Each structure stands twice: as C-alpha cells, then as structure tokens.
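**Student:** Handing you this structure, nothing more for now.
There are 2 protein chains.
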Amino acid sequence: MRVLGVDPGLTRCGIGVVESIGSTLHLVDLGVIRTPKESEIDQRLLALEAELSSWIERAKPDVIAIERVFSQLNVRTAMATGQAAGVAILLAAKSGLPIALHTPSEVKAAVTGSGRADKAQVASMVKRILKLKDIPRPVDTTDALALAICHHWRGAGEARVKAAVKKERARKR
Amino acid sequence: MRVLGVDPGLTRCGIGVVESIGSTLHLVDLGVIRTPKESEIDQRLLALEAELSSWIERAKPDVIAIERVFSQLNVRTAMATGQAAGVAILLAAKSGLPIALHTPSEVKAAVTGSGRADKAQVASMVKRILKLKDIPRPVDTTDALALAICHHWRGAGEARVKAAVKKERARKR
Numbered sequence: 001m002r003v004l005g006v007d008p009g010l011t012r013c014g015i016g017v018v019e020s021i022g023s024t025l026h027l028v029d030l031g032v033i034r035t036p037k038e039s040e041i042d043q044r045l046l047a048l049e050a051e052l053s054s055w056i057e058r059a060k061p062d063v064i065a066i067e068r069v070f071s072q073l074n075v076r077t078a079m080a081t082g083q084a085a086g087v088a089i090l091l092a093a094k095s096g097l098p099i100a101l102h103t104p105s106e107v108k109a110a111v112t113g114s115g116r117a118d119k120a121q122v123a124s125m126v127k128r129i130l131k132l133k134d135i136p137r138p139v140d141t142t143d144a145l146a147l148a149i150c151h152h153w154r155g156a157g158e159a160r161v162k163a164a165v166k167k168e169r170a171r172k173r
Numbered sequence: 174m175r176v177l178g179v180d181p182g183l184t185r186c187g188i189g190v191v192e193s194i195g196s197t198l199h200l201v202d203l204g205v206i207r208t209p210k211e212s213e214i215d216q217r218l219l220a221l222e223a224e225l226s227s228w229i230e231r232a233k234p235d236v237i238a239i240e241r242v243f244s245q246l247n248v249r250t251a252m253a254t255g256q257a258a259g260v261a262i263l264l265a266a267k268s269g270l271p272i273a274l275h276t277p278s279e280v281k282a283a284v285t286g287s288g289r290a291d292k293a294q295v296a297s298m299v300k301r302i303l304k305l306k307d308i309p310r311p312v313d314t315t316d317a318l319a320l321a322i323c324h325h326w327r328g329a330g331e332a333r334v335k336a337a338v339k340k341e342r343a344r345k346r
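Those sequence lines, one after another, are chains A and B. Taken in order, the first sequence gives residues 1 to 173; the numbers are from the working numbering. Taken in order, the second sequence gives residues 174 to 346; the numbers are from the working numbering.
Next up, the structure:
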C-alpha cells in the first residue's frame, strides 16, 4: 500500500509518500509545495491544487492521509490551513482516492508513543522508521511523512482489530 | 454588475445573488446549499462544489464575494468553514471569476453602519435595501445577501475613489 501524506498549508504544504512492502515501510518521495505569500488567495489555491494533482499523478498513492487540525490557536492560520486542506480533500475525492484524516497528536503518538512529542522527536523517529541516513529535509516534510507512517500503522491496527472481531464472532457461532 | 455572495459552511452554505441596475440593487436569487452531517468530509466537499458550480452556471455572476472568517472561536467550525471557503475560492478561480473577501464586520458596517450589528439588524437592512416584502428566508441567506450588497457598495466606493484620483491626476497635468 502506498500512502501520500499531506501536511496542509498555503505557504508550505508538506508531502511525504511512504509505501509498505511486507511489514516494512519505505520512503518513496517527499517534497514541499510552496505558494507565494504575495499572490492572491485564489491564485495560491489554484497553484496548490495543480501541484498536488501532479504529485498524485506521479506518486500513484492508494490513499491520501491529511492532517486534521483542531488546535491551532491562531484562527487566521487555521483558516488558511482549512482552505488548503479543503483543496486537498476535494482533489482526492475527484481523483477517486480514499482519504483519511489524522490529528497531530494521533500522528505523534503513532510514531513516538507520545501524543505530545516535539518536532525533533518526531523527525528522529521518522528517520529511524524509514531507515534513512539523515533526518528528512526540508523539515516541512517530516510531519507529512509521519502522517503517512501513522496511516500505515493505524490502518494495519484497525485491520487487525476487525480481523480479531470477525474471528471472535466466527468462534461464537 | 452581478455579485454572487457565498457565506461558506459545510452544513449550511448561504448563497445570495444581487445585481445593480443603475444605482439600485436587486435580488436575483438566493438559496442554501446543505451537505449531510453524517457524510464523509470528502463527499461533502464534492457535493458543495457541484452545487456551487451549478449556482455559478445559473446565476452567471461577474464576481464572487466570499465571507472571510477570522474570529470564530470554535476552531473545529473554523476548519470546516475554511475548507468550504477553499472550495468556493478554487472553483471561482477555475471559472475565471474574480473573488473578493469581506470580513463579517465589514459586511455589517456596510449594510447597517455598525460593524457590531446583530443578525436581526442585518436581516432588516437587507430587506430594506433590496426592497423585499419580508426578511429573506431561509435566514442563512441573509449573510450571503449582505455580503453581495457590501461588495457592490465597497466596489462602487473603490471605483469612485479611483475615478477621483484619476481626475485629480488629469487635472494636474
């Protein structure tokens, strides 16, 4: 399974593509989509959609995992993030791809064991999990990669739970 | 000039179309786009885009005015509003239409004279300005109509300022 992680943003939108082969995860690609602050919002969203669209075409993911942001204190940033996330979700729907939303604390908990881990800890775990030589650069891609990893593991976990429930039900019959 | 006002939202997205003929404003159409709360976010955004797209086709606006939300205290709502606004802005850009963003207090100030007017006051002024028999229903359309009115007036104001500046420059030559 190949997951394209999107850490939505207008100024910087992190992208991380992670594939599972057997039970191990591999880095496929990573990048950052930037749109110029001085451009109008409509042109920025248009540019973001075009770039994201070419990422989807190139990476051919099975699912798109997007960060679900609740807790941003700055409402102005939250709006921009919401707009960028909206464009990503709509594009996934139009591409016929399933989406999954994970909160930052779910992502942190999945990769570090703690929902309150800091950026450095997340980056260090992403490096370890994907067996990279260095911490992924640019740093904006770390969250997107962690998101993709989280989706692989949560997906696998949910599949295990479902399988266990099914087995249990079969046993009871 | 015909303005399509959009009060973005996922559960209820208000639409109001207002046209200027000479110096008076006329109601063209109004409505609310709803997407079911129980649907997945990607399907909701897809439905919103489809509905908005048919509104644009039907109403043939010259410009789309969208509410710019900063001050929502509830970040969860702000995110949903941001996603809906993102879809509206992107669609306008793809349709080759200019967009304009106005904040709720700009809209309130434009139609009532006070940036802190309440909903009832805005509704009553919208009724008066558009010479309607009753307050527009459903109530979700009031803000969208006020937004379209605000855009007409702010646009006209800016045009007047530009014309005055031009005249002044011409005079000085």
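Note that beta-carbon positions come from the ideal geometry of N, C-alpha and C, so glycine has one too. Quick caveat, the model's predicted, so the values are computed rather than measured.
Quick one: what does DSSP say I135 (chain A) is sitting in, helix, strand or coil?
**Tutor:** Coil, per DSSP.
**Student:** Measure from the C-beta of M79 (chain A) to each C-beta in chain B and report whether the shortest distance is under 9 angstroms.
**Tutor:** Closer than 9 angstroms to some Cβ of chain B, the Cβ of M79 (chain A) qualifies, so yes.
**Student:** Excluding the five sequence neighbours on either side, which residues of its own chain have a C-beta within less than 6 angstroms of the C-beta of L4 (chain A), listed in chain order?
**Tutor:** Closer than 6 angstroms at the Cβ level, and outside the excluded window around L4 (chain A), lie V17, A59, P61, I64.
**Student:** Going along chain B in order, which residues have a C-beta closer than 8 angstroms to the C-beta of E49 (chain A)?
**Tutor:** Ordered by position in chain B, the residues that pass the 8 angstroms Cβ test against E49 (chain A) are L263.
**Student:** Find out if the Cβ-Cβ distance for the pair V111 (chain A), V126 (chain A) is shorter than 9 angstroms.
**Tutor:** Yes.
**Student:** For the segment 176-206 of chain B, which residues have a beta carbon sitting closer than 7 angstroms to at least one beta carbon of chain A?
**Tutor:** Going along the segment 176-206 of chain B in chain order, one finds no residue with a Cβ nearer than 7 angstroms to chain A.
**Student:** Taking K94 (chain A) as the reference, which of B:E341, B:I214, B:H199, B:L198 has the closest Cα?
**Tutor:** The residue with the shortest Cα to Cα distance from K94 (chain A) is B:I214.
**Student:** Given 8 angstroms as the limit, is there contact between the segment 137-146 of chain A and the segment 29-45 of chain A, that is, 3 or more CB pairs closer than that?
**Tutor:** Touching, yes.
**Student:** Taking Cβ positions only, does L305 (chain B) come closer than 9 angstroms to chain A?
**Tutor:** Not one chain A Cβ lies under 9 angstroms of L305 (chain B).
**Student:** Would you mind telling me which residues of chain B sit closer than 8 angstroms to D118 (chain A), beta carbon to beta carbon, in chain order?
**Tutor:** The premise fails here: D118 (chain A) is roughly 21 angstroms from chain B at the closest Cβ pair, so nothing lies under 8 angstroms.
**Student:** Classify L183 (chain B) as helix, strand or coil using the three-state DSSP reduction.
**Tutor:** Note: L183 (chain B) maps to coil in three-state DSSP.
**Student:** Give the residues from the segment 272-298 of chain B that approach chain A closer than 8 angstroms (Cβ to any Cβ), ordered along the chain.
**Tutor:** Answer in chain order: I272, L274.
**Student:** Please report the Cβ distance between D143 (chain A) and E67 (chain A), rounded to the nearest whole angstrom; I am assuming they are in contact, meaning their Cβ atoms lie under 8 angstroms.
**Tutor:** Correct: roughly 7 angstroms between the Cβ atoms.
**Student:** Roughly how many angstroms separate the alpha carbons of P104 (chain A) and D307 (chain B), rounded to a whole number?
**Tutor:** Their backbone Cα atoms lie some 47 angstroms apart in a straight line.
**Student:** When the distance is taken between beta carbons, is G255 (chain B) closer than 9 angstroms to A109 (chain A)?
**Tutor:** Cβ atoms of A109 (chain A) and G255 (chain B): not closer than 9 angstroms.
**Student:** Cα-Cα, which of B:S227, B:V295, B:I272 is closest to H324 (chain B)?
**Tutor:** H324 (chain B) has its Cα closest to that of B:I272, out of B:S227, B:V295, B:I272.
**Student:** Would you identify the three-state DSSP class for L52 (chain A), choosing helix, strand or coil?
**Tutor:** DSSP places L52 (chain A) in helix when its eight states are reduced to three.
**Student:** Mapping DSSP to helix, strand and coil, what is T103 (chain A)?
**Tutor:** Residue state, collapsed to three classes: coil.
**Student:** Does E38 (chain A) get closer than 9 angstroms to chain B when you measure Cβ to Cβ?
**Tutor:** No, no contact with chain B.
**Student:** Starting from L219 (chain B), find everything on chain A with Cβ-Cβ shorter than 8 angstroms and list it in chain order.
**Tutor:** The contacting residues are L90, A93, K94.
**Student:** Checking 9 angstroms against the spacing of the C-beta atoms, do L218 (chain B) and I89 (chain A) come in under that value?
**Tutor:** Yes.
**Student:** Using the Cβ count rule (16 or more neighbours within 10 Å means buried), how would you classify I322 (chain B)?
**Tutor:** Its Cβ being crowded by 16 or more others within 10 Å, I322 (chain B) is buried.
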